[in-house]
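Number of protein chains: 2
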Amino acid sequence: MEEPIAEPQPLRALIDALRCLPGVGARSSRRMAYHLLQHDPQGATRLADALRQAVDDVRHCRLCNGFSETELCATCSSPRRDASLLCVVETPADQNMIEASHGYTGLYYVLMGRLAPLEGVGPNQLDFDRLLDRACVPEVQEVILATNFTPEGETTAHYLAELLRARGRKVTRLARGVPAGSELEYVDAGTIAWALMERRGT
Amino acid sequence: MEEPIAEPQPLRALIDALRCLPGVGARSSRRMAYHLLQHDPQGATRLADALRQAVDDVRHCRLCNGFSETELCATCSSPRRDASLLCVVETPADQNMIEASHGYTGLYYVLMGRLAPLEGVGPNQLDFDRLLDRACVPEVQEVILATNFTPEGETTAHYLAELLRARGRKVTRLARGVPAGSELEYVDAGTIAWALMERRGT
Numbered sequence: 006m007e008e009p010i011a012e013p014q015p016l017r018a019l020i021d022a023l024r025c026l027p028g029v030g031a032r033s034s035r036r037m038a039y040h041l042l043q044h045d046p047q048g049a050t051r052l053a054d055a056l057r058q059a060v061d062d063v064r065h066c067r068l069c070n071g072f073s074e075t076e077l078c079a080t081c082s083s084p085r086r087d088a089s090l091l092c093v094v095e096t097p098a099d100q101n102m103i104e105a106s107h108g109y110t111g112l113y114y115v116l117m118g119r120l121a122p123l124e125g126v127g128p129n130q131l132d133f134d135r136l137l138d139r140a141c142v143p144e145v146q147e148v149i150l151a152t153n154f155t156p157e158g159e160t161t162a163h164y165l166a167e168l169l170r171a172r173g174r175k176v177t178r179l180a181r182g183v184p185a186g187s188e189l190e191y192v193d194a195g196t197i198a199w200a201l202m203e204r205r206g207t
Numbered sequence: 006m007e008e009p010i011a012e013p014q015p016l017r018a019l020i021d022a023l024r025c026l027p028g029v030g031a032r033s034s035r036r037m038a039y040h041l042l043q044h045d046p047q048g049a050t051r052l053a054d055a056l057r058q059a060v061d062d063v064r065h066c067r068l069c070n071g072f073s074e075t076e077l078c079a080t081c082s083s084p085r086r087d088a089s090l091l092c093v094v095e096t097p098a099d100q101n102m103i104e105a106s107h108g109y110t111g112l113y114y115v116l117m118g119r120l121a122p123l124e125g126v127g128p129n130q131l132d133f134d135r136l137l138d139r140a141c142v143p144e145v146q147e148v149i150l151a152t153n154f155t156p157e158g159e160t161t162a163h164y165l166a167e168l169l170r171a172r173g174r175k176v177t178r179l180a181r182g183v184p185a186g187s188e189l190e191y192v193d194a195g196t197i198a199w200a201l202m203e204r205r206g207t
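Which chain is which? The protein sequence lines are R and Y, in order. Position in the first sequence (first residue = 1) + 5 = the working numbering. Position in the second sequence (first residue = 1) + 5 = the working numbering.
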């Protein structure tokens, strides 16, 4: 006579709900649930509050499409940013990296994704029309495409460049080349090939 | 002039709260938060509910120390289980594996951990007195130690065996040997050495 594995229903529901997190499967969601209930119920409660608050309060900035609590995010509403530059990134994490470089003072547009036809993500899913409207206001002098240098990111940049150039916009792309501080011996051949092709006079 | 990376406060709080999950660091908590807000707000809300419900409703079974909604879990209160056998496991996941083998009809005691002096987990943290009380009721004829075959699990089993034998209990340990269905060529030498030492007549 087979007896079912007796797991309390709220525990099973939690294990199931944790699988909405990216990269969390059956085994790790169970491990997470056990850990929270056994060792960190306060953390679990805090997480529940934070989830609810973020879902309720975080929306997209009307201009840059990044996450914001207000209609305009802090970056878009700052008078200190250079409104003639618009940098297009895939995610807020990429935007953070560019901010951390302290090499950019312009504004952003966050795609919240990249073209990935195999996953069903096309121009409509990413709402390219909204980006085009944003990029074609008179103040914007240059659109910097800072999507990733992955196949999908490159495709996205290529596609956007066509659309933007057709509308008479100046479009640039982040430079490809040898990473700062690296030794040629340890840089991959593709990167060296690009760095040679895009070599510049000093 | 340095401008801080503008991340809405509820988003920052969520990224921070997600780090209570085991194995989730700064980068993956940010990735999880972006994913939930961008692609799965329903999942986030469901997770918040499940967390709260589990923290509120799940407690420990009075007898086996496993997770339960009620004072006695379904296994401990089942009349079909053999009350003369008590199997000691580290976690509910281990208990599930033993149940899935369909080879055991007795009861359980879940340690919710194992001795790990370097992490500050000693006999008091695991409440060994409670296990001893449970194991020394007259119905229990045999205590099966089913802690893991890791150094910590072995230490825990050794320590518990001493305590239980001192109280006149019959103590056994899961057999070590060659895994079912495996070829000797691919089994590690330590396992073969154990299987040789513990060989049995047929």
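Even glycine gets a Cβ: it sits at the ideal position worked out from N, Cα and C. Treat the numbers as computed from the prediction; the structure is a model and nothing was measured.
- Query: Closer than 8 Å, CB to CB, is V93 of chain R near chain Y or not?
  - Reply: no
- N- and C-terminal bounds of the alpha helix (DSSP H) containing Y164 of chain Y: P156 to A171
- Find out if the Cβ-Cβ distance for the pair G158 of chain Y, R119 of chain Y is shorter than 8 Å. yes
- Item | Alpha carbon of D138 of chain Y to alpha carbon of L19 of chain R, nearest angstrom | 32 Å
- Query: Considering only the beta carbon of each residue, do C92 of chain Y and C78 of chain Y sit closer than 8 Å?
  - Reply: no
- Can you round the beta-carbon distance between A55 of chain Y and A22 of chain R to whole angstroms, since I take them to be within the 8 Å contact cut? 4 Å
- Query: With a CB to CB cut of under 7 Å and the five nearest residues on each side skipped, what residues in its chain are close to R170 of chain Y?
  - Reply: V176
- Where does A185 of chain R sit, in a helix, a strand or coil, going by DSSP? coil
- 7 Å CB neighbourhood of A95 of chain R in its chain, flanking five on each side removed: It is Glu, not Ala, that sits at residue 95 of chain R in the sequence shown. Once the five neighbours on either side are set aside, the close Cβ partners of E95 of chain R are L116, G118, R119, T152, N153 and G158.
- From R15 of chain Y to E76 of chain R, what does the alpha carbon distance come to, in whole angstroms? In the sequence as displayed, the identity of residue 15 of chain Y is Pro instead of Arg. Taking the straight line joining both Cα atoms gives about 15 Å.
- Task: Output the residue ranges of the alpha helix (DSSP H) runs that lie fully inside the stretch 34-114 of chain Y and measure 4 residues or longer, sorted by chain position.
- Result: 46-62 and 97-105
- Message: If I follow the unbroken alpha helix (DSSP H) through T196 of chain Y, where does it start and stop?
- Response: A194 to M202
- Task: Give every residue of the same chain whose Cβ lies closer than 6 Å to the Cβ of T161 of chain Y, excluding the five residues on either side of it in the sequence, and list them in chain order.
- Result: R119, L120 and T152
- Task: For L68 of chain R, count neighbouring C-beta atoms within 10 Å of its own C-beta (all shown protein chains included) and say buried if the count is 16 or more, exposed if not.
- Result: buried
- Got a sec, what are the start and stop residues for the alpha helix (DSSP H) R174 of chain Y sits in? R174 of chain Y -> no alpha helix (DSSP H), and no H or E assigned at all.
- Task: Please list the partners that C246 of chain R has in chain Y, where partner means a Cβ-to-Cβ separation under 8 Å.
- Result: Because chain R in this structure spans residues 6 to 207, residue 246 of chain R falls outside the shown range and cannot be described.
- Tell me where the beta strand (DSSP E) around L137 of chain R begins and ends. Not the beta strand (DSSP E): L137 of chain R falls in the alpha helix (DSSP H), residues F133 to A140.
- Item | Nonlocal neighbours in the same chain, by C-beta distance under 6 Å from E7 of chain Y, ignoring five residues either side | In this prediction, E7 of chain Y has a pLDDT of 39, which is less than 50 and means its spatial position is unreliable; what the coordinates show is noted afterwards. Same-chain partners within the cutoff: there are none.
- Distance, L179 of chain Y Cα to C264 of chain Y Cα: Past the boundaries of the shown model lies residue 264 of chain Y; chain Y is included only from 6 to 207, so the question cannot be answered.
- Message: For the alpha helix (DSSP H) containing L19 of chain R, name the first residue and the last one.
- Response: Q14 to A22
- Query: Hey, does D138 of chain R have any beta-carbon neighbour from chain Y nearer than 8 Å?
  - Reply: no
- Message: I believe L123 of chain Y touches L90 of chain Y by the beta-carbon criterion, under 8 Å. Please report the beta-carbon distance rounded to the nearest angstrom.
- Response: Going by Cβ atoms, the distance from L123 of chain Y to L90 of chain Y rounds to 32 Å, so no, they are not a contact pair.
- Query: To the nearest whole angstrom, what separates the beta carbons of R135 of chain R and N70 of chain R, a pair I think is in contact under 8 Å?
  - Reply: 7 Å
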